[in-house]
Amino acid sequence: MGIKILIMTPAINSLKNAKIKYQIHPYDHDPDSKAYGEEAAEKLKVPFDRLFKTLVVSIDNNELAVALVPVSKQLDLKLFAKNIKAKKAKMADKKDVERSTGYPLGGVSPMGQKKKLKTIIDHSALNFDTVYVSAGRRGLQIELSPKKLGSQTRATYFKISK
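Per this note's numbering, numbering through the sequence shown is continuous, rising by one, with the last residue being 177.
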């Protein structure tokens with residue numbers, strides 16, 4: 016008989032409440048690691064293209080929005096601004112990210128955030144049956160269908176990476 020570990024975060028709760036199929040993947044997070052997405056992909060043996068980092072971006076008038084891009088790529092802020100119909104975009108301040116989402120940096124999930132933010136998922140997510148995103152804390156990833164991820168976050172899909 017195996018031991019069942021019960022891990023709950025707002026992200027996991029939001030998926031449970033929506034009856035969306037998902038899998039949780041814990042791993043041992045190294046507190047010295049600053050490349051959270053790369054660390055998760057390596058420890059879970061997931062291709063860097065299939066694990067998506069959640070980035071919070073400040074757009075016009077300091078409004079916040081979410082970008083999900085593969086760990087293997089960088090967010091193209093100009094493409095992001097164009098697709099979200101903003102004049103400009105820059106990475107959001109750490110305090111604003113944590114206050115708005117309720118998650119620590121390196122553990123920001125696109126789901127279960129305190130405040131629902133506009134979200135764009137890089138279109139490459141649609142190349143996979145499932146993708147991985149943060150479950151709401153360092154050392155914990157959620158695997159789910161990119162279409163379910165999009166419906167849960169009310170996201171649109173565009174090319175936003177380079």
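We put the CB at the ideal spot given by N, CA and C, even for glycine. Small disclaimer: the values here were computed from a predicted structure and weren't measured.
Assuming P125 and T168 form a contact by the criterion Cβ under 8 Å, report the distance between their Cβ atoms to the nearest whole angstrom.
Along the sequence shown, one-based indexing puts residue 125 at 110. Along the sequence shown, one-based indexing puts residue 168 at 153. Sure, about 5 Å apart at Cβ, within 8 Å.
Does the segment 114 to 129 come close enough to the segment 146 to 155 that 3 or more CB-CB pairs lie under 8 Å?
yes
Evaluate contact between the segment 100 to 114 and the segment 39 to 55, counting only Cβ atoms and requiring at least three cross-stretch pairs below 8 Å.
no
On a CA-only basis, which of G165, K130, Q156 and K58 is nearest I22? Give me that one, please.
Within the sequence shown, the letter at position 7 stands for residue 22. Selected option, being the one with the closest Cα: Q156.
Under 7 Å between C-beta atoms of F95 and I175
One-based indexing of the sequence shown puts residue 95 at position 80. One-based indexing of the sequence shown puts residue 175 at position 160. Yes, the Cβ-Cβ distance between F95 and I175 is below 7 Å.
Out of curiosity, what's the CA-to-CA distance linking L66 and L79?
Here residue 66 refers to the residue found at position 51 of the sequence shown. Here residue 79 refers to the residue found at position 64 of the sequence shown. Straight-line Cα distance between these residues: approximately 22 Å.
Can you give the beta carbon distance from K133 to L120, rounded, assuming they're within the 8 Å contact cut?
Residue numbering aside, residue 133 sits at position 118 when the sequence shown is read from its first letter. Residue numbering aside, residue 120 sits at position 105 when the sequence shown is read from its first letter. Their Cβ separation, rounded to whole angstroms, is 20 Å, which puts K133 and L120 out of contact at 8 Å.
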